[in-house]
Amino acid sequence: MKMIKSRHNLSYCLFTAVLIAGCSGTRNLPEGDLLYTGGSVDVVSESTPKKERKALEAALEPLLRPKPNASFLGMRPKLFFYNLAGEPTKDKGFRYWLRNKVGEPPVLYSEVDLEYNKKVLQNYAENNGYFNTTSVADSTRSGKKATAEYTLDPKRLYTIRDVKFPADSTLLGTAVNKVRRGSVLKKEAGYSLDNIKLERGRIDTRLKEKGFYYFNEDYLLVQVDSTVADHKVDLIVKIKNETPDLAKNQYKINKIVVYPNFKLSKDSAAVVDEEKLEYNDFTIIDKEDLFKPRIFDRTLYFKKDDLYNRTNHNLSLNRLVNLGTFKFVKNQFKVSDTVGNYLDAYYYLTPLPKKSIRAELLAKTNSANYTGTELNLNWSNRNLWKGAEQLTISAFGGVEVQVSGQNNGFNVYRFGTEANLIWPRIISPFKFESSSGFVPKTKATLGYEFQNRTKLYSLQTLKGSFGYLWKENERKEHLFNLTEITYASPRNVTPLYQAQIDSTASLGRVIEKQLIFGPTYSYTYTNTMEKRKKNTFYYKGSIDLSGNITGLLSGANIKKGDTIKVFDVPFSQFIKIENEFRHYLKLGPDSQLASRVIVGAGFAYGNSDEMPFIKQFFNGGTNSIRAFRARSLGPGTYDGSTNNNTFLPDQSGDIKFEFSTEYRAKIYGLVKGAVFLDAGNIWLLKEDPEKPGAKFSKDFMNELAVGVGAGLRFDFSFLVLRTDLAFPIRKPYLADGERWVLDKISLGNSGWRSDNLVFNLAIGYPF
9 MKMIKSRHNL
19 SYCLFTAVLI
29 AGCSGTRNLP
39 EGDLLYTGGS
49 VDVVSESTPK
59 KERKALEAAL
69 EPLLRPKPNA
79 SFLGMRPKLF
89 FYNLAGEPTK
99 DKGFRYWLRN
109 KVGEPPVLYS
119 EVDLEYNKKV
129 LQNYAENNGY
139 FNTTSVADST
149 RSGKKATAEY
159 TLDPKRLYTI
169 RDVKFPADST
179 LLGTAVNKVR
189 RGSVLKKEAG
199 YSLDNIKLER
209 GRIDTRLKEK
219 GFYYFNEDYL
229 LVQVDSTVAD
239 HKVDLIVKIK
249 NETPDLAKNQ
259 YKINKIVVYP
269 NFKLSKDSAA
279 VVDEEKLEYN
289 DFTIIDKEDL
299 FKPRIFDRTL
309 YFKKDDLYNR
319 TNHNLSLNRL
329 VNLGTFKFVK
339 NQFKVSDTVG
349 NYLDAYYYLT
359 PLPKKSIRAE
369 LLAKTNSANY
379 TGTELNLNWS
389 NRNLWKGAEQ
399 LTISAFGGVE
409 VQVSGQNNGF
419 NVYRFGTEAN
429 LIWPRIISPF
439 KFESSSGFVP
449 KTKATLGYEF
459 QNRTKLYSLQ
469 TLKGSFGYLW
479 KENERKEHLF
489 NLTEITYASP
499 RNVTPLYQAQ
509 IDSTASLGRV
519 IEKQLIFGPT
529 YSYTYTNTME
539 KRKKNTFYYK
549 GSIDLSGNIT
559 GLLSGANIKK
569 GDTIKVFDVP
579 FSQFIKIENE
589 FRHYLKLGPD
599 SQLASRVIVG
609 AGFAYGNSDE
619 MPFIKQFFNG
629 GTNSIRAFRA
639 RSLGPGTYDG
649 STNNNTFLPD
659 QSGDIKFEFS
669 TEYRAKIYGL
679 VKGAVFLDAG
689 NIWLLKEDPE
699 KPGAKFSKDF
709 MNELAVGVGA
719 GLRFDFSFLV
729 LRTDLAFPIR
739 KPYLADGERW
749 VLDKISLGNS
759 GWRSDNLVFN
769 LAIGYPF
C-alpha cells in the first residue's frame, strides 16, 4: 500500500511539473531566443528621500515595453493555450479560436529594446523635475527566461520658485492674467511637465468661457528658467507671437440656425436656407414641418447677443442628445458677416426613425427556486405631437416554474401591458428653469398586470402615475410623482389557498383588495462614473406618502371604526421612507471593496392599521442577503419554516436594515470573482400573535441574520452574468445564544449543503 501511495504521489508530482512547465510557455520558443518575463526599476539616489524613490519606481515600471505575457499564480494560461492549439490550418474553427482568441503568443526577449526603455524612464524622471538623471539598463537570463533591470539616479528634485503671467494690457493678455487664480502651478511644488500641460488646458478652458472661441492652448508658451536659484525654477506664461487675430478676440452670438431634419449625405456648408421660419432668436429650416420651434427655444442655451461660452455650447448639445429624438447632433460656428465680433451658430440634427418596434426574450431565475422566461414587445413613437414627446407601449407575458423544493407545481403565469408618455418639459402652472445639460421631463404611466399562481389564486393590478424627472447634473437626479396609484384585486382564490388562510390569517393580506394613491419622491446622488477616484459613492433616498391628504380631510380613523372607502375599497394611508448608501473603495486597477447599507421604515395610520403587503419590506434573494432565499427571512426572530404553509412565505416587515460588503477582483480575462458578507433583517412595528418575535425592539442588533459566500462574475461588456454561492453563519430565528452557527458548518455533509447552501444566478452586480 505504501508503494502504491508513493507511485501515486510521484505521478501527481510529475503531472504537476509537466502542467507548470506547459503553462510557463518556455517550450516552442524560436531557436536562440528567450521568454521575456518582465522588467524592474530600481531608483538609487543619496539626494532623494526614500518616499520619493518608491513613488518614482511605482510610476516608472508601468512604462516598460513590451508587457510580458499575463500570468496567474506563476503560470501563463494564455501562452499555454497558444502553444496547445499549435498552428491552425485555416482561419476558423476551434484551433484558430483557441490560439488567437483565448491564447497569446510568447513575448520574446529579442523584442525588448533596453536603450529605448532607458530613455523613456529618463525622460519621465526629467519631465517630473529630476533634471540630470542618469540611468543604466541590464538583463538577467535564467534558463529559457530573461528579465530586464533598470537603475536610475534621479538627483535632486527641482521645485517652483515663482509663476509669472502676462502683464500686458491687450484684451487677451488681460484675460489670461485674470484667470491665474486656480492655477495648477503652485509655488514650492515639484516641477512637472504634465502640470504645465494641464495649466495650458485650464487657461484655454477659462478663456472659452469668456468668448475666446478661436483661442487654443497651443497659443500659450510656458518658459522655464532654471538659473534663478539652487534647484529652483521660475515658470513664465506667455502668449505666442504667432497667435492669429481671430484667437485674440471675444465673440458674441448673432444668428442661430437649426436644421431639424438634416441628412448626413448633405454637406453642411452647402445647405441652402429654404423654408425659413423665424422664431424668437432662432431660424428654423424644417421643410417637412417635423418639429415645433418651441422645442429649440427650450433646449438651446444661446440667445442673440450672448457672449460665447463653452459651458452653454456643451449644455445645448447635451440637451439635444438627451431629447432622445435625434440620432446625430452636429454643431458649427462661423464668423458672422455683420459688423463686430460675432458668430453664427448652426445646428444640424438628424432624427431617429419616428416609430420603432422591439422584441425581447428574457430568462429569469431567483432564489425561491423559480426559473422561467418572459417575452416583451415594445412599440415607440419618438415625436408624437411634433414636440419630441415619446410614447412607448409595451406588452409582456411570461411563466415562472418552480423547479425544485417542496412546492413543485405552483407555477406563476403573468401578462400585462404598460404605456409611458414623456414630454421633454415640465408641465406645470409654475415656471420651471433648469440650467443643466439634461432636459427636464414630465412622465405619465398607465399599466395593467394579471398574475396567476396555479393552484392558489390570481391577482390583477392596475397602476398609474404622473410626475416629473430632472437632473441637476450627471450626479444628482430627482423623481417626483404628483400621484402614484395602485389598485390590486384578487381573482379565483382556490379552496387550497383559502384553507391556508383559515389556519394562517396573515396569508389573507396577500390577496386583499388594495388602493394606494399619493405622491412619491426620490433623490439620487452618485459619482461612481469618476473612474480615477479612489472612493466613490451612491445614495438614494425616497419617501412614499399614501392617502395622507384624503385621510386628513375625511377624518379617517380605523381605530375608531371610521374607515373610508373609495370604490368600495379602503384606501391605504401610510408614510414610507427608505435610504440606500453605497461606497466603492478602489484597491487597485482590477479590484475594489464595495459596501452597501439600506435603512427603511414604513408607518401606517389613519385609515390603515398596517402597511399594505406590496409596500412592505422583504429580505433574502439574489440582490439582498444571498444566504437566505427570497422572502424567507424575518421578521425579527420569527421562523417562517415552522408555519404549516410552505408554498408562499408571508415574511414581510415595516422596518428594514441591511448591510452588504464584498471584495471584487479580476481573476482572469472576463472572469471576475467576489467574496462577500451580507447581514440584516426586517421587523414589524406591532406585535403579531402569529409571528412571535417579529416586533422591533432595542435588541434588534441581536436579531440580525448574517451570511457569507463567494461568486463569479462573467463580464461580457454588454452584460454581467453573476453566480453566487452563499450560506448562513448566523440565524436569528434560533434560540438566543445559539444563533451563530459557524461551528455547524459541514461542507462535506450533503444534508448540511441541502439545508444551507443557496445558489444565486442573476444578471448584473447586486449593487
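Here the sequence shown stands for residues 9 to 775, numbered as in my numbering. For each residue, glycine too, the CB sits at the ideal point set by N, CA and C. Since the structure is predicted, the reported quantities are computational estimates derived from the model, not experimental observations.
CB contact flag (residue i, residue j, <8 Å)
{"i": "G222", "j": "L180", "result": "The sequence given here has Tyr at residue 222, not Gly. For Y222 and L180, no; Cβs fall outside 8 Å."}
{"i": "L308", "j": "K394", "result": "no"}
{"i": "G47", "j": "L72", "result": "yes"}
{"i": "A154", "j": "L42", "result": "yes"}
{"i": "R84", "j": "A93", "result": "no"}
{"i": "F589", "j": "S554", "result": "no"}
{"i": "V265", "j": "I293", "result": "yes"}
{"i": "L750", "j": "I737", "result": "yes"}
{"i": "L523", "j": "S580", "result": "yes"}
{"i": "T528", "j": "D552", "result": "yes"}
{"i": "Y355", "j": "Y267", "result": "yes"}
{"i": "V679", "j": "A718", "result": "no"}
{"i": "G380", "j": "F404", "result": "no"}
{"i": "L720", "j": "G677", "result": "no"}
CA-to-CA distance, residue j to residue i, given in whole angstroms
{"i": "Y505", "j": "V518", "result": "11 Å"}
{"i": "K338", "j": "H321", "result": "12 Å"}
{"i": "T512", "j": "E698", "result": "8 Å"}
{"i": "Y547", "j": "P503", "result": "46 Å"}
{"i": "V607", "j": "I211", "result": "45 Å"}
{"i": "V230", "j": "N317", "result": "25 Å"}
{"i": "K248", "j": "N262", "result": "29 Å"}
{"i": "K311", "j": "T358", "result": "22 Å"}
{"i": "Q468", "j": "D763", "result": "34 Å"}
{"i": "L201", "j": "S177", "result": "28 Å"}
{"i": "R604", "j": "A687", "result": "10 Å"}
{"i": "R540", "j": "A78", "result": "24 Å"}
{"i": "N710", "j": "A635", "result": "18 Å"}
{"i": "Y421", "j": "G332", "result": "34 Å"}
{"i": "F270", "j": "N481", "result": "29 Å"}
{"i": "N17", "j": "F767", "result": "Reliability fails at N17, whose pLDDT of 48 lies under 50, so the model's placement of it is uncertain and the value that follows must be treated cautiously. Approximately 35 Å, taken between the alpha carbons."}
{"i": "N326", "j": "K568", "result": "56 Å"}
{"i": "K594", "j": "T669", "result": "13 Å"}
{"i": "L68", "j": "D723", "result": "30 Å"}
Residue i, DSSP secondary structure in three states
{"i": "Q581", "result": "coil"}
{"i": "P643", "result": "coil"}
{"i": "P70", "result": "helix"}
{"i": "P359", "result": "strand"}
{"i": "W431", "result": "strand"}
{"i": "L504", "result": "helix"}
{"i": "E418", "result": "Note on residue identity: the sequence assigns Phe, not Glu, to residue 418. Three-state result, F418: coil."}
{"i": "L315", "result": "strand"}
{"i": "P670", "result": "A small correction: the amino acid at residue 670 is Glu; Pro does not occupy that position in the sequence shown. Reduced to three states, the DSSP call for E670 is strand."}
{"i": "A78", "result": "coil"}
{"i": "F88", "result": "helix"}
{"i": "F767", "result": "strand"}
{"i": "K126", "result": "helix"}
{"i": "L685", "result": "strand"}
{"i": "A29", "result": "Here the model assigns A29 a pLDDT of 46, short of 50, so the residue's position is not dependable, and the following value carries that caveat. DSSP places A29 in helix when its eight states are reduced to three."}
{"i": "M709", "result": "helix"}
{"i": "L595", "result": "strand"}
{"i": "L298", "result": "coil"}
Distance between beta carbons of residue j and residue i, contact taken as under 8 Å
{"i": "G661", "j": "G642", "result": "6 Å"}
{"i": "I690", "j": "N627", "result": "5 Å"}
{"i": "K240", "j": "T291", "result": "No, K240 and T291 are not in contact; Cβ-Cβ is about 57 Å, not under 8 Å."}
{"i": "Y592", "j": "T544", "result": "5 Å"}
{"i": "V115", "j": "P74", "result": "5 Å"}
{"i": "L206", "j": "V192", "result": "5 Å"}
{"i": "N257", "j": "N349", "result": "5 Å"}
is_contact[residue i, chain D] using C-beta, thresh 8 Å
{"i": "G475", "result": "Among the chains in the structure shown there is no chain D, since it carries only a single protein chain."}
Exercise. What alpha helix (DSSP H) runs, 4 residues minimum, are completely inside the region 138-226?
Worked result: For the region 138-226, whole alpha helix (DSSP H) runs of length 4 or above, ordered along the chain, are 179-186 and 201-216.
Problem set entry | 3 or more residues per run - each beta strand (DSSP E) lying fully within the region 230-267 | Here the runs fully enclosed are 240-247 and 260-267.
Exercise. What are the start and end residues of each continuous beta strand (DSSP E) run of 3 or more residues lying completely inside the region 510-585, in chain order?
Worked result: If one requires a minimum length of 3 residues, the beta strand (DSSP E) runs lying completely within the region 510-585 are 522-534 and 543-554, in chain order.
Exercise. In chain order, which continuous runs of the beta strand (DSSP E) of length 3 or greater are located wholly inside the region 374-409?
Worked result: As far as the region 374-409 is concerned, its whole beta strand (DSSP E) runs of at least 3 residues are 378-389.
Problem set entry | Ordered list of beta strand (DSSP E) runs contained in the region 425-489, each at least 3 residues | Entirely contained in the region 425-489, the beta strand (DSSP E) runs reaching 3 residues are, in chain order, 449-461 and 465-479.
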